[in-house]
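**Student:** The structure's right below; bear with me while I get my questions together.
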Amino acid sequence: MGLTADSWMVLSAWQRQFPPDIVFAGKTAAWLLGLDLDPLNPIGLIVPLHSGVRSRPGLDVRRCDIPQHDVIKIRGLPATTVNRTLSDLCLRLPPVEALVVIDAAVHLGLTDNAALIRYAELAGGRPGVRRLRSLAVHAAPAESPMETRLRWLLLRAGLPPPEVQSELHDVDGRFVGRADLYYPAARLVIEYDGSNHRDRLVEDDRRQNRLINAGFVLLRFTAADIHNRPESVEALVRRAVKTPLTPKDPNPGGRYAPLDTTRRNRSVLLRG
């Protein structure tokens with residue numbers, strides 16, 4: 071969404087209508103912190119238990135006492151801190167979408183696993199904290215929401231957690247690429263294949279060739295794979311993870327061969 075002038079003006083105008091003890095929260099606070107969420111539909115607020123401010127169309131009001139250490143000022147607007155915001159979103163969002171936001175915060179350097187776990191321990195039994203604690207151990211600096219959703223699919227299937235955004239090198243130590251997801255024992259690189267500009271696709275093809283030539287196994291999945299064929303994604307990854315390769319393997323394509331490297335089909339299929 072970005073920090074647009076129009077949205078900023080709307081939030082500033084709303085603040086002037088409220089008592090001084092309101093705090094912007096939820097997706098609104100996340101947006102103020104720099105995360106790519108919609109801040110206005112609805113505007114999220116936390117108000118004291120005794121407040122007369124109530125929810126209405128376009129305004130989502132939660133009543134609770136919020137400690138001062140959970141509140142910061144962002145360009146003059148009171149908002150929940152990043153860890154408090156993520157905790158609150160864990161209460162409101164499905165687990166995978168909560169992890170999407172947590173990953174985005176980690177990617178931006180707003181928080182990390184240790185800080186999230188420590189916050190959850192100190193917050194006790196407040197609503198949302200239990201889920202935050204369970205998701206914090208999986209938080210990683212994913213570069214897109216679909217990368218997080220792909221990783222979540224694998225975790226839900228009982229597969230081991232992959233490394234995220236790993237830098238890969240050939241046997242001579244030369245950098246050959248960065249993996250969205252990576253299983254070192256199998257030298258398995260898993261990529262989310264989004265809709266990219268043509269120039270980016272050309273570089274992706276070159277990068278794919280470098281990875282394969284360096285002895286890595288490559289699987290690529292689209293949004294349609296993740297949403298419509300999760301069982302196929304799971305089966306392909308599970309089989310690849312159970313078939314470890316070494317850096318000296320002269321022909322990883324002997325077991326994993328690219329079906330097609332054009333834009334229409336950039337997956338790598340396992341031979342039966």
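Okay, so the sequence shown: first residue is 71 according to the numbering used here, each after it adds one. Every residue, glycine too, gets a C-beta built ideally from N, C-alpha and C.
Mind checking who Ser-236 pairs with in its DSSP beta bridge?
**Tutor:** Its beta-bridge partners are Ala-249.
**Student:** Considering only the alpha carbon of each residue, which of Ala-305, Arg-154, Leu-115 lies closest to Thr-98?
**Tutor:** Leu-115
**Student:** From Glu-191 to Leu-229, what distance separates their C-alpha atoms?
**Tutor:** Rounded to whole angstroms, Glu-191 and Leu-229 show a C-alpha spacing of 27 Å.
**Student:** Would you check if the distance between the CB atom of Glu-217 and the CB atom of Tyr-262 is smaller than 8 Å?
**Tutor:** Taking 8 Å as the Cβ cut-off, Glu-217 and Tyr-262 qualify as a contacting pair.
**Student:** By the 10 Å Cβ neighbour count, where 16 or more other Cβ atoms means buried, how is Leu-315 classified, buried or exposed?
**Tutor:** A caution first: Leu-315 carries a pLDDT of 48, below 50, which makes its placement in the model unreliable, though a value can still be read off. Classification of Leu-315: buried, given that the 10 Å Cβ count is 16 or more.
**Student:** Specify the secondary structure class of Pro-345 as computed by DSSP and reduced to three states.
**Tutor:** Any property of residue 345 remains undetermined from this structure, which presents the chain solely from 71 to 342.
**Student:** Can you tell me which of Ser-236, His-239, Asn-111, Arg-219 puts its alpha carbon nearest to the alpha carbon of His-297?
**Tutor:** Arg-219
**Student:** Keeping to the same chain, check which residues put their C-beta closer than 6 Å to that of Asn-279; ignore five residues upstream and five downstream.
**Tutor:** none
**Student:** Could you tell me which residues DSSP puts in a beta bridge with Thr-359?
**Tutor:** In the structure displayed, the chain extends from 71 to 342; residue 359 sits before or after that span and is not available.
**Student:** Quick check on Ile-113: does DSSP put it in helix, strand or coil?
**Tutor:** strand
**Student:** Over the uninterrupted alpha helix (DSSP H) stretch that includes Val-170, give me the two end residues.
**Tutor:** 165-177
**Student:** Tell me which residues share the same chain as Val-246 and place their Cβ nearer than 7 Å to its Cβ, disregarding the 5 neighbours each side in the sequence.
**Tutor:** Leu-238, His-239, Asp-240, Arg-280, Leu-281, Ala-284
**Student:** If you drop the 5 nearest sequence neighbours on each side, which residues of the same chain put their C-beta closer than 6 Å to that of Pro-317?
**Tutor:** For Pro-317, the pLDDT reaches just 45, beneath the cut-off of 50, and the residue's location in the model is therefore unreliable, although a value from the coordinates is still provided. Answer for Pro-317: Val-241, Gly-285, listed in chain order.
**Student:** In three-state DSSP terms, what is Leu-229?
**Tutor:** coil
**Student:** Taking buried to mean at least 16 other C-beta atoms within 10 Å of its own C-beta, is Arg-353 buried or exposed?
**Tutor:** No information on residue 353 is available, as it lies outside the stretch 71 to 342 that the chain covers here.
**Student:** Could you pull the DSSP bridge partners for Tyr-262 from this structure?
**Tutor:** Phe-291
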